[in-house]
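Q: Quick one: structure below, then a few questions.
In the UniProt record's numbering, the protein residues as written are 1 to 326.
Following this line, the structure appears as structure tokens:
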């Protein structure tokens, strides 16, 4: 059995407030150096839309320096606290399980209930590729008695896919693990942290890595929440996915490698928070892959925007031939 404390090299209060309004929501995010900016913008969007409740952010981080954390100091507000937990190299995941480009830092969510203060009974876990568009106060009042987590059902297409996976489990309803309202007491009572680590390091390949593991272990022990708390959005250069999904959305979740911080997508809702955040001067790459630049070129040319189309096709050729990111 792993000693969870051995995974933590340092715990630090970045922003601490002892005077609370009364209604408090604890929120956890897990990330490495590559997701500092997305995590920061996600947190900024939450703060901007939730000024009437206390927010305590718990950051489980790997490969993130003290210098990297300095911009988080600029998020100081009367209702905001931020605690960072530096996870060291003792935490390890079978690399053969981390297919589809899933980073090890995603698996840090296994640790959350055993890392945070035991007095915290409920915590909201969020992936870093989200933007908050409204109040999260409703989540404070959700009763999870007897259930390990509140989750949001994944798409019908995903339900079909997981049925084809040979896990020997009849899922009651496969959920997307990018947003989970965790009942810390039930999580610990069911030993989910240790069971998760044992399963993902067992040598068996899980198609969707830690998300599959959590679905297997939590099957039949969750409460399903409204989709507005995890509205999956697939970005494309061919249509405005944000505008299509913004109605009745509180948390927009940018799934797939097409993330809103790539400038090619011009996602105005993400840009609004990015441009007002402490990370507004961070470099943003143009596109996730050369193929997206080529699609953009085709779209502009088909729309008779020839100069823009030719420009993007030139960018595509440069990135493809010289393997450049710009």
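No residue lacks a Cβ here, since even glycine has one placed at the ideal position from N, Cα and C.
Kindly identify the DSSP beta-bridge partner or partners of residue 224.
A: Looking up residue 224 in the chain shown gives position 224. In DSSP, residue 224 forms a bridge with 151.
Q: Where do the ends of the alpha helix (DSSP H) carrying residue 254 lie?
A: Against the chain shown, residue 254 aligns to sequence position 254. Careful: residue 254 lies outside any alpha helix (DSSP H), inside the beta strand (DSSP E) at 251-254.
Q: Put residue 116 into one of helix, strand or coil per three-state DSSP.
A: Taking the first residue of the chain shown as position 1, residue 116 is located at position 116. The answer is coil: DSSP assigns residue 116 none of H, G, I, E or B.
Q: Just the C-alpha distance for residue 233 and residue 307, rounded to the nearest angstrom, thanks.
A: Translated into positions along the chain shown, residue 233 becomes position 233. Translated into positions along the chain shown, residue 307 becomes position 307. So the alpha carbons of these two residues sit roughly 30 Å apart.
Q: I'd like to check one pair, residue 122 with residue 26: are the Cβ atoms closer than 9 Å?
A: Reading the chain shown from its first residue, position 26 is the one you call residue 26. Reading the chain shown from its first residue, position 122 is the one you call residue 122. Yes, they are a contact pair.
Q: Which of the three DSSP states is assigned to residue 128 in this structure?
A: As a first step, residue 128 is located in the chain shown; it is residue number 128 there, counting from the start. Three-state result, residue 128: coil.
Q: Which of the three DSSP states is assigned to residue 200 in this structure?
A: Residue mapping note: residue 200 aligns to position 200 of the chain shown, counting from 1. Three-state result, residue 200: helix.
Q: Strictly under 9 Å for the Cβ-Cβ distance: is residue 319 near chain B by that measure?
A: Of the protein chains in the structure, only one exists, and it is not chain B.
Q: Count the other C-beta atoms from every protein chain shown that fall within 10 angstroms of the C-beta of residue 22, then say buried if there are 16 or more, exposed otherwise.
A: As a first step, residue 22 must be located in the chain shown, where it is residue number 22. Exposed is the call here.
Q: Can you give me the Cβ contacts of residue 44 inside the same chain, cut-off strictly under 6 Å, excluding the 5 residues immediately before and after it?
A: Reading the chain shown from its first residue, position 44 is the one you call residue 44. Cβ neighbours of residue 44 beyond the five flanking positions: 273 and 277.
Q: Going straight from the alpha carbon of residue 11 to that of residue 320, what length do you get?
A: In the chain shown, the residue the question calls residue 11 occupies position 11. In the chain shown, the residue the question calls residue 320 occupies position 320. Each residue's Cα considered, the two are about 43 Å apart.
Q: Would you check if there are 3 or more beta carbon pairs closer than 8 Å linking the region 121-140 to the region 242-262?
A: Because the criterion of three Cβ pairs below 8 Å is met, the region 121-140 and the region 242-262 touch.
Q: Per DSSP, what kind of secondary structure is residue 111 in: helix, strand or coil?
A: Against the chain shown, residue 111 aligns to sequence position 111. Looking at residue 111 - three-state DSSP - the assignment turns out to be helix.
Q: For the alpha helix (DSSP H) containing residue 274, name the first residue and the last one.
A: Counting from 1 along the chain shown, the entry for residue 274 is found at position 274. Residues 268-276.
Q: Measuring straight from C-alpha to C-alpha, what distance separates residue 304 and residue 250?
A: Position 304 of the chain shown, counted from the start, is the residue given in the question as residue 304. Position 250 of the chain shown, counted from the start, is the residue given in the question as residue 250. Distance between the alpha carbons of residue 304 and residue 250 is about 36 Å.
Q: Once DSSP output is grouped into helix, strand and coil, what is the label at residue 11?
A: Counted from its first residue, the chain shown places residue 11 at position 11. It is a strand residue.
Q: Would you kindly work out how many angstroms separate the C-alpha atoms of residue 7 and residue 63, rounded to a whole number?
A: Taking the first residue of the chain shown as 1, we reach residue 7 at position 7. Taking the first residue of the chain shown as 1, we reach residue 63 at position 63. Answer to the nearest angstrom: the Cα atoms are 13 Å apart.
Q: Report the three-state DSSP secondary structure of residue 22 (helix, strand or coil).
A: Along the chain shown, one-based indexing puts residue 22 at 22. Coil, per DSSP.
Q: Give me the Cβ distance between residue 112 and residue 209, rounded to the nearest whole Å; I'm assuming they're in contact under 8 Å.
A: Walking along the chain shown from the start, residue 112 turns up at place 112. Walking along the chain shown from the start, residue 209 turns up at place 209. With a Cβ gap of about 16 Å, residue 112 and residue 209 do not count as contacting.
Q: Based on DSSP bridge pairs, tell me the residues matched to residue 133.
A: Translated into the one-based positions of the chain shown, residue 133 becomes position 133. According to DSSP, which records beta bridges pairwise, residue 133 is partnered with nothing at all.
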